[in-house]
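Just below is one structure, and these are the notes that go with it.
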Ligand SMILES: *Cc1c(COP(=O)(O)O)cnc(C)c1O
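Right, dumping it as structure tokens:
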């Protein structure tokens, strides 16, 4: 089976994980710190916290900027459910902003309309979570301009986009946002099995997220609240100053992450080379690939195409499955999920996202995918391979 994506694991990866298993620290040890340092440096962000998955990372990000009951948070309907759920975890109301029909990312023009809609109701939006869909950055200059005008925080869901760039700067540097989130699930750009990270330029957001990821505990005696024990405090002392979680990642996972990160740049180059082959082969057909803006270097986590209609898409999907290709659909619009319909969303609310969903397919793309395979895949997509 040719999957739409797959991880790349070497003997070196395995050896580095095995070394951790033979060491003193399985968790909260030196590999976690080393991975955080390497990732922070790679992205150009001052602060990096590695956590157990991107869902937890998004939750921490929302909590740290103060998302709470009664707040409004906006994201894209074309994303994995976690981008929306994180705000619901905090008791907030989630609303969506429809996509641009060429980049498939949140459309800043529709974001402005939605913000004005809320302003007219006397409400304000607490946070916006743009999703860098398939590895291409959203129009962050436009979105951050709106943040200044309307006063909301920005959490970039960059689960797809590690290794990508926006205006020549690595995604994750938080130039246009408060916090950036990455995922290290095996289908994503690099993997730690399960894993995620939050990056920020803000010392206070970082320490808030660090505390919430570890039960809400502090160990710095200077910050302790009641001081009756002060004279006999020692290293055992800690205080729980708020309600936190255990969202930590292990040294076992981070050892893998360090090795993977070292190969990321080559993978991005290779994914871009393969995407160019796809684009060349599909050029002139009735299949439309995601348009990548000149401002972006996409990480090409996914290679997404649109068919002319729902029937052509279904026929191609069936053909692929019959021939052993693990093509997939990313994503079912979040607002059409039963959970979100119960919150009041209906089919028809985000027409561009819904139209996209009827026509889309993610084609196989990963380093090591054979060029001949791409040829064959394009023949299936364009209907040149029939019965
Ligand atoms: C994968 C993904 C997530 C969730 O990542 P986990 O690490 O599996 O929790 C969130 N948002 C987007 C856009 C994703 O693709």
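In the working numbering, the protein residues as written are 575 to 961.
Cβ atoms here follow ideal geometry from the backbone N, Cα and C, with glycine treated the same way.
Classify residue i: buried if its beta carbon has 16 or more other beta carbons within 10 angstroms, exposed otherwise.
i, result
"residue 961", "With a pLDDT of 45 at residue 961, under the threshold of 50, the modelled position of that residue is not reliable, and the figure given next carries that caveat. So residue 961 ends up on the exposed side."
"residue 629", "buried"
"residue 592", "exposed"
"residue 606", "buried"
"residue 738", "buried"
"residue 793", "exposed"
"residue 579", "buried"
"residue 595", "exposed"
"residue 694", "exposed"
"residue 691", "exposed"
"residue 946", "exposed"
"residue 913", "exposed"
"residue 830", "buried"
Should residue i be counted as a contact of ligand 2 given a C-beta to heavy atom distance under 7 angstroms?
i, result
"residue 651", "With respect to ligand 2, the structure offers nothing, as its ligand set consists of ligand 1."
On the DSSP letters alone, give me the boundaries of the beta strand (DSSP E) that residue i sits inside.
i, result
"residue 649", "646-649"
"residue 905", "Taken as a continuous stretch (DSSP letters only), residue 905 belongs to no beta strand (DSSP E), as it is neither H nor E."
"residue 757", "753-757"
"residue 730", "727-731"
"residue 877", "877-880"
"residue 670", "667-670"
"residue 936", "934-937"
"residue 623", "621-625"
"residue 771", "770-774"
Taking C-beta to C-beta, are residue i and residue j nearer than 8 angstroms?
i, j, result
"residue 702", "residue 726", "yes"
"residue 671", "residue 681", "yes"
"residue 648", "residue 688", "yes"
"residue 679", "residue 710", "yes"
"residue 755", "residue 631", "yes"
"residue 956", "residue 859", "yes"
"residue 779", "residue 785", "no"
"residue 948", "residue 851", "yes"
"residue 735", "residue 728", "no"
"residue 856", "residue 890", "no"
"residue 822", "residue 626", "yes"
"residue 954", "residue 881", "no"
Can residue i be considered in contact with ligand 1, in the sense that its beta carbon sits closer than 7 angstroms to one or more heavy atoms?
i, result
"residue 738", "no"
"residue 653", "yes"
"residue 657", "yes"
"residue 628", "yes"
"residue 705", "yes"
"residue 734", "yes"
"residue 926", "no"
"residue 757", "yes"
"residue 762", "yes"
"residue 831", "no"
"residue 542", "As displayed, the chain neither begins before 575 nor continues past 961, which places residue 542 out of reach and without an answer."
"residue 825", "no"
"residue 731", "yes"
Enumerate in chain order the residues of its own chain whose CB-to-CB distance from residue i is below 8 angstroms, with the five nearest sequence positions on each side excluded.
i, result
"residue 653", "705, 707, 731, 905 and 908"
"residue 614", "620, 621, 622 and 773"
"residue 927", "650, 651, 652, 670, 672, 673, 907 and 909"
"residue 643", "664, 665 and 666"
"residue 832", "590, 605, 608, 609 and 612"
"residue 539", "In the structure as shown, the chain begins at 575 and stops at 961. Residue 539 is therefore absent and cannot be evaluated."
"residue 835", "609, 612, 613, 616 and 764"
"residue 812", "791, 792 and 793"
What are the boundary residues of the alpha helix (DSSP H) that includes residue i?
i, result
"residue 589", "585-595"
"residue 634", "628-638"
"residue 662", "656-663"
"residue 851", "825-856"
"residue 861", "Run containing residue 861: none; DSSP gives neither H nor E here."
"residue 954", "945-955"
"residue 761", "It is not in any alpha helix (DSSP H) - residue 761 carries neither H nor E in the DSSP assignment."
"residue 703", "Careful: residue 703 lies outside any alpha helix (DSSP H), inside the beta strand (DSSP E) at 701-703."
Going along the chain, which residues of its own chain have a beta-carbon closer than 6 angstroms to the beta-carbon of residue i, five neighbours each way excluded?
i, result
"residue 849", "874 and 877"
"residue 838", "737 and 764"
"residue 617", "744, 746, 747 and 773"
"residue 645", "666 and 700"
Counting only the same chain and skipping the five closest in sequence on each side, list residues whose C-beta sits under 7 angstroms from that of residue i.
i, result
"residue 826", "591, 594, 595 and 600"
Give a yes or no on whether 8 angstroms exceeds the smallest Cβ distance from residue i to chain C.
i, result
"residue 949", "No chain C is part of this structure, which consists of one protein chain only."
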